[in-house]
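Read the structure below first, then the notes.
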Amino acid sequence: MSNSTQTGLGKYKENLLSIKKSFLGSFLRSGMPTSDKSRTAVVVNNFFLHLHGAKTHTNTLKPSYTLGLGLISFFLLVIAFISGGFLMVYYSPSIGTAFNAVKDINFVVISGKLMRNIHKWSGEAMIIFVLLHMARVVYTNSYKRGREFNWVIGVVLLILTFVLNLTGYMLPWDQLSYWALVIVSNIAAAPKELTDIFGITQYFDIGGATKEVLLGGTAPGQNSLTRVYLLHIILLPLGICTALGVHFWRVRKDGGLSKPDIVGDRETGVAFISPPQKTGGIFPTHKTYGLMELARGRTPAVDNDVENTVTSWPNLFVAEIAVFIFTLAGVIAYSYFIDAPLKEFANAAIPENPAKAPWYFLGLQELVSYSAFMGGQGLPGLAIAGLLLIPYLDREQEHFGIWFSNRQGRMVAIESFIVGAAAVIGSLAFVINFGWFRNWWPKIHQLWIIAINPGNLLLGFVVAYSLFVIKRTGSTRMGAISLFTMFLVCYVILTYTGTVLRGPNWEFYWSASQWPIH
Amino acid sequence: MQSRFYLSLLLISSLVLIAFMGIAFNREMNPEWKKYQTEYKDFLVKNAKDASTRQRAERIQIGMQQIYIKSLERSDRCMSCHRGVENPLMAEAEQPHRQHSGNYLENHPIAKFGCTVCHRGQDRATNMREAHGEEHTHWDFPIIPSKYIQGSCAQCHDYEMLRQEGGEKVARGEELFRQKGCQGCHKIGGKGGDLGKDIAGIGSRPFAYFSMKHVVGDHNLYNWVKQHFDDPRAIVPESEMRVFLTDEEAELLTTYMMTFVTAEMPRNYTLIKNVIQPKIDGESLYKMYCIACHSDGRVSLYDEIFKRTIPAIRNPAFTRSIDDEHLRTIIKEGRKGTQMTAWKVSAAGLTDADINKIIMYITMNRPEKKPEPFGFLKYKADVRHGEELYNIRCEFCHGAEGKGGEGFLGINLRNPAVQKADPEFLAITVRDGREGTPMVSFGMKGLKLDNQDIADMVAYVKTLSQKK
Amino acid sequence: MIPSITKCKRVLLIVCLFLFPLTSVVLAQENDDEYAALVESGKKVYEVRCLLCHGSKGDGNGPVGIIRRAERNGRVLEIVPRDLTMAVFRFRTTPTGCLADDQDILNIINNGVPRSFMPAHEKIPIQEREAVKEYIKTFSYRWEEEDPCEPIAVVKPEWVGSSKSVDKGKIIFKEMKCGECHGYEGKGDGPKSNDLKDDWGKQILPFNFSTGDLKRGSTPENVYITFTSGLDGTGMPSYEDSLNEEDRWHLVSFTLKLMGKLDKK
Amino acid sequence: MIKKTRNTEGVSRRDFLGLAAFGAAILGSIGVLAGSLRFVKADVYSEESKKFKIGKKENFPIGTTRKFDDKNVFIFSDDNGLFAISAICTHLGCIVSPSEFGFQCPCHGSRYDENGNVIGGPAPRPLEWYEINQEVDGTLFIDAGKAVPQGTKYLFA
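Protein chains in written order, with the working numbering: chain G, 88 to 605; chain B, -15 to 452; chain A, 315 to 579; chain P, 272 to 428.
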């Protein structure tokens, strides 16, 4: 066809007729993904997919290696974002209407209750899956070889997940919201405990100032709700999106997911949708397919075997879609059966008894019962610092990408699990039976309790025990496994105690059925 | 291997997803109210007497019903189930289809008033459990039982009108409230004693305010209040409330309690026909503020709750020996160390005029004859002899230390009201005794002590406050 | 037995009045002047300390008269001082229908009776108490006519208070219909509790186990005696015949449990 | 490649599995999407009901013209009965006011005659007429949610 012979209208007609082809071609620039080349091009040319490598290591696709935990966490966030967007259609952040809006969502909006449940449970499930994801990273020794900083970002994401959940908890403005807000704002004000002891509160009231900024006043009210809403809707989502972007970007920068240095033959491409083509394709062998060649720093994949890779399209994306639908189905099934709680309208005069924080903070509430400062800020701060430091204090490069490193690691994990559980249960049992300093010497100075309380002792024990493990095994890696295991065990057991075993007036009960009836 | 694993995961997850979308859709499409509305429509169609009625019945559209009342901040969705509430054809039908009983709706059109303004319950809920606010639905104001419902009428109407036109229960409750002396301990609008809790707004207090531990049946406001009237200590073990009510009275008072709500109705809803204030004379004031403790005031009582004897203040023997000024001080300032609280305006809201009326009523039967003067000053009192006498004669009622109290019939003699009283007054009391109380006459009329002995005893009593 | 006394009350009183001078003559002949002096001093103490309530004739019509006590539930109970002319005592260690023995009367004088405003007189000299006791005996002919019975023997088995025994007691409590007066949970609110009268026709209340102590004291032995001797003059009968000793002790265990006496250990 | 040829049957089974899986996934996603979109339309909103009572028919003798301001409805009464006309302009929803020729919309100059027919301006449709109905007790009510053909007038006994 020669352009010169065609009239303008002719060209227009031709364009109109070929619109289907040209439109498809405009986003599938390399044609249908039929060859490795075009499959690669799909990934590279697509905005949403280009975050992935064009090829994916088979180890990455092994379900037993990642358990899909990171993906599930991400998809939960996506679900929470979308369902949250829908909820915003009805919600308005005013103490006069927020509660009624939630009631309306529950009662007169088709699929409203389900949507609210989905939002609530996907958010809370995120906490669990982010923690599990972290556990996977620790136990597979994956926080090394350039991934140290990504671990730090991961911890930031964990914190953001917590705070996002917490701020969401406060939006319905029911009794749960109100009293959680009261408790949280007072934890924010907890440094007062310390400044009081040094007598500098009147000059430097950092705790009080934090509380005031958080609440927009001295007591929870309309301003607090507006601020919490701002946090929940704009600031924290922006933060988590940014951190998540960096997190993903760094995964790619650091050479994709971690994998063992040697992947056995049996792991290689058996029965992939698109089996690896060892020859052909646009890329020569012994090359990675990312931009990391241009970047400075360690690119551990460069010298490794690329024989164990398959094209990401479709292998990786099938896996991702499957995990997404799995996550979605799981959340919807859970949401179908379990309703998100909604209590009475907020009442400033009558606290819930027991006034419990959301469950994921009940481990902290267990600690707060000695010292608000240590339990609410000091200990969590130290725990987070400890988590952040793990990749910097354990720099052994062996056993990279292997679950529990070796047999010894597995033994250390089991041992730490038992020791950690014994320690936390023991300390809880002691405190529940005998009380603590305040019960023995009611007039004791608060400084003593800040310095010596079960939480501190527990933390000290955990640190000491992991140091002992390092000394015994001569390996910092074992110390890291031990420390993280005990952290996880403490968090789980303290949370369980706070959720199930604590009743009215924070008394101990074996089950909620023994609570004195209110 | 992986591909099959992921494809299977995808397939199974998708099937689960589709299944749950299906059952969720089914649940959303078949809410409880839809069932009731279908029943209602079917009933009307089946029982239609003529063609036009049938046509109208067939035209009924099934859909959520709502009465939105902006000024009351309510969105009543009750009619989503109770669609027949205005339909005279449904007078005999079963709930939820039955027409509203009585002629209340004539003057209270549903479009203007809605339902929950009288019946309470959760306006926005669209299923029975939550709309009625049953237990564990986290709604503070469950649907109000019909026996207490008249409590809602007083939001807009005055009691005089209610008494005449369909609000007898709450009107009688209000009367009872004044007659049983509730305000002797409870403050309402700043008026009343301090022993009990302020009951303002009790009808709109959130559930969590009440301790429901001992409540029998549904844990809600109404059962709490009713059972608390039946037996205060069964509900609040440490309660010091004195009540003796029949079951009916307890119900009436419960109804009346439901009128104490904090929210006020908008002006255009209220209808005050008779602004007649109930007659407030000495007797009714006595009943409002005094009767709960002093009963009719003729005889003294040892009270098991207060663990002390409550004086008989309308007894002639008492009123004869006390002058109005002394009474007024006691009423205004109260008696320290006893349950008698101060009643002056700043403390309990009783004006001087009110107190005067009460004094008039108390002293109504005061005998003309003043007691024969004792002439205390004539005697030279011997405190030591007084002590000896006290230890045989007075000790077993007033206690060795003169403090009275638990297990003792006598009053506390170390009370300022006794210690600061005129010895002449005390001597006359000892000499003549107090009729209607266990305080017997120790004078010549009774136990035959001579005046010197009495003077000695009084002198000793006067020194009690200095003892440890 | 008790109704017969009530029935013949007036007749007996008249007889008693006739017999009174006669008996004193007999007494004077049998005992020396010491006894007369004792009674005389008892009379003096009585007039100062007891007459206010029990009256000069011991018939309970003293100047104080009826004492009113408002119960916790708001009901006003009238308490009448004990009429001593019948010589019917509730708190005895002797079998039902018998006279009280000397120690019983002294116990009441010494310890008082809780909740009835009868004060304890432990502080006054023992001679005075003895004297008053003797004087009180002069109010009724029965002290002349009848011989005091032997006190009931109390041997507390070791198992009293054990949970097994409490369970058995609970069954007996149910079988003997104790709950009809004392309330099915022992709170003194049984169906019959509102219309109980004593032999003098005055309203009385069944004991509420959840409040306070028994008037005679709450030791297991006291409770056992109450079941065995009954409270003469009230609706509380003796269970000496209807329950065997073991069952009575089981019932003691259960009542102790109701009173919360077992929890403290 | 060798493996692939050796295992043709497996491939076709896998194809079927893939087809079924993706089909189900798409179906499920459509379901979720549909449910989500339905979410934005509630059963009822916090607004006053479209139905409202206007009192007995005696209040509207022949010749009456009245506007219910808060409801934006005109009610008229003539020999043929009562009828209710909406005051909401069919162009962009402004409120029309009565004028000498019928109704005039202030926003974009639409004009209607006294039966609500468009006689000028951008309005595409005549003003809506509403149903008037009678309760059992004789009270009249207008259902502003229910349009009736133009010219429908109601005579009540």
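Just so it is clear, CB atoms sit at the ideal spot from N, CA and C, and this is done for glycine as well.
None of the values given here were measured: they were computed from a predicted structure.
(request) Decide if S47 (chain G) is buried, meaning its Cβ has at least 16 other Cβ atoms within 10 Å, or exposed. (result) For residue 47 (chain G) there is no data in the structure shown, the boundaries of chain G being 88 and 605.
(message) Output needed for M196 (chain B): all residues of its chain with C-beta closer than 7 Å, excluding positions within five of it in sequence on either side, in chain order.
(response) H203 and W208
(request) Measure the C-alpha to C-alpha separation of F335 (chain G) and G326 (chain G) and round it to an integer number of angstroms. (result) Roughly 14 Å separates the two Cα atoms.
(message) Assuming E211 (chain G) is part of the alpha helix (DSSP H), what are its boundary residues?
(response) G199 to Y226
(request) Run the CB neighbour count on S507 (chain A), radius 10 Å, all protein chains shown included, and call it buried at 16 or more, exposed below. (result) buried
(message) Determine, for E212 (chain P), whether the minimum Cβ-Cβ distance to residues of chain B falls below 8 Å.
(response) Chain P is shown from 272 up to 428; residue 212 (chain P) falls before or after that span and cannot be answered.
(request) Find out if the Cβ-Cβ distance for the pair G488 (chain G), K340 (chain G) is shorter than 8 Å. (result) no
(message) Given this structure, state the Cα-to-Cα distance separating A32 (chain B) from N87 (chain B), to the nearest angstrom.
(response) 24 Å
(request) Locate the beta strand (DSSP E) running through I381 (chain A), then write down its first and last residues. (result) I381 to A384
(request) Show which residues of chain G have a CB atom less than 7 Å away from the CB atom of G299 (chain P). (result) I412
(message) Could you compute how far the alpha carbon of K404 (chain P) sits from the alpha carbon of F345 (chain P)?
(response) Per the sequence shown, the amino acid found at residue 404 (chain P) is Asn instead of Lys. Cα to Cα, N404 (chain P) sits roughly 15 Å from F345 (chain P).
(message) Quick check: the region 461 to 477 of chain A against the region 368 to 385 of chain A, are at least 3 beta-carbon pairs closer than 8 Å?
(response) Proximity of the region 368 to 385 of chain A to the region 461 to 477 of chain A falls short of the contact definition, fewer than three beta-carbon pairs being nearer than 8 Å.
(message) For a contact defined as C-beta to C-beta under 9 Å, what are the partners of P150 (chain G) on chain B?
(response) Q(-14), F(-11), Y(-10) and L(-7)
(message) Against chain G, does A306 (chain P) count as a neighbour if the rule is that its beta carbon must be under 8 Å from one of theirs?
(response) The sequence as given places Gly at residue 306 (chain P); Ala does not occur at that position. Taking Cβ atoms only, chain G reaches closer than 8 Å to G306 (chain P), which makes this a yes.
(message) If you follow the beta strand (DSSP E) that G352 (chain P) is in, where does it begin and where does it stop?
(response) G352 to S357
(message) Quick check: P438 (chain G) and L263 (chain G), are their CB atoms within less than 8 Å of each other?
(response) It is not a contact, given that the beta carbons lie outside the stated cut-off.
(message) Please report the straight-line C-alpha distance between L(-6) (chain B) and V243 (chain G), rounded to a whole angstrom.
(response) 31 Å
(request) Run the CB neighbour count on H373 (chain G), radius 10 Å, all protein chains shown included, and call it buried at 16 or more, exposed below. (result) Reliability of the predicted coordinates at H373 (chain G) is poor, the pLDDT of 41 falling under 50, and the value obtained from them is presented with this limitation in mind. Counting every other CB atom within 10 Å of its CB across the protein chains shown gives H373 (chain G) a total below 16, marking it as exposed.
(request) Tell me, to the nearest whole angstrom, how far the beta carbon of A621 (chain G) is from that of E280 (chain G); I am working on the premise that it is less than 8 Å. (result) In the structure displayed, chain G extends from 88 to 605; residue 621 (chain G) sits before or after that span and is not available.
(request) Step through the CB atoms of chain P and report whether any lies within less than 8 Å of the CB of Q134 (chain B). (result) no
(message) Extract the residue ranges of the beta strand (DSSP E) inside the region 264 to 318 of chain B, only unbroken runs of 3 or more that lie entirely within it.
(response) Runs of the beta strand (DSSP E) inside the region 264 to 318 of chain B: 285 to 287 and 292 to 294.
(request) Have a look at G:I501, G:L174 and G:I159 and flag the residue whose alpha-carbon is nearest the alpha-carbon of I215 (chain G). (result) G:I159
(request) Please confirm if F173 (chain G) has its CB atom under 8 Å from at least one CB of chain P. (result) yes
(request) Kindly list, in the order they appear in chain A, the residues whose Cβ is closer than 8 Å to that of Y286 (chain B). (result) I381, R382, R383, A384 and F431
(request) Tell whether a beta-carbon distance below 8 Å holds between S662 (chain G) and A141 (chain G). (result) Only positions 88 to 605 of chain G appear in the structure, and residue 662 (chain G) is not among them; the question remains open.
(message) L398 (chain P) and S357 (chain P) - do their beta-carbons sit closer together than 8 Å?
(response) yes
(message) Considering Cα atoms alone, identify which of G:I293, G:P441, G:A167 and G:P478 is closest to I320 (chain G).
(response) Of G:I293, G:P441, G:A167 and G:P478, the residue nearest in Cα terms is G:A167.
(request) Write down the C-beta distance between K25 (chain B) and I46 (chain B) rounded to the nearest angstrom, noting that I regard them as a contact closer than 8 Å. (result) Yes, they are in contact, since the Cβ atoms of K25 (chain B) and I46 (chain B) sit about 7 Å apart, within 8 Å.
(request) Taking L174 (chain G) as the reference, give the member of P:S307, P:P420 and P:S300 with the closest Cα. (result) Of the candidates P:S307, P:P420 and P:S300, the one whose C-alpha sits nearest the C-alpha of L174 (chain G) is P:S307.
(message) Could you compute how far the alpha carbon of G473 (chain G) sits from the alpha carbon of L515 (chain G)?
(response) 22 Å
(request) With DSSP collapsed to three states, give me the class of P216 (chain B). (result) helix
(message) So, for R396 (chain A): in the same chain, excluding its five sequence neighbours on each side, which residues have a beta-carbon less than 7 Å away from its beta-carbon?
(response) H368 and G374
(message) Out of P:F412, P:R337 and P:P420, which one is the CA nearest neighbour of R396 (chain P)?
(response) P:P420
(message) Could you check whether the Cβ of R108 (chain B) sits closer than 8 Å to any Cβ belonging to chain G?
(response) yes
(message) Using 8 Å for Cβ pairs, my map puts R116 (chain G) next to N132 (chain G). What's the rounded Cβ distance?
(response) 5 Å
(message) Against chain G, with Cβ distances strictly below 8 Å, would F331 (chain P) count as a contact?
(response) no
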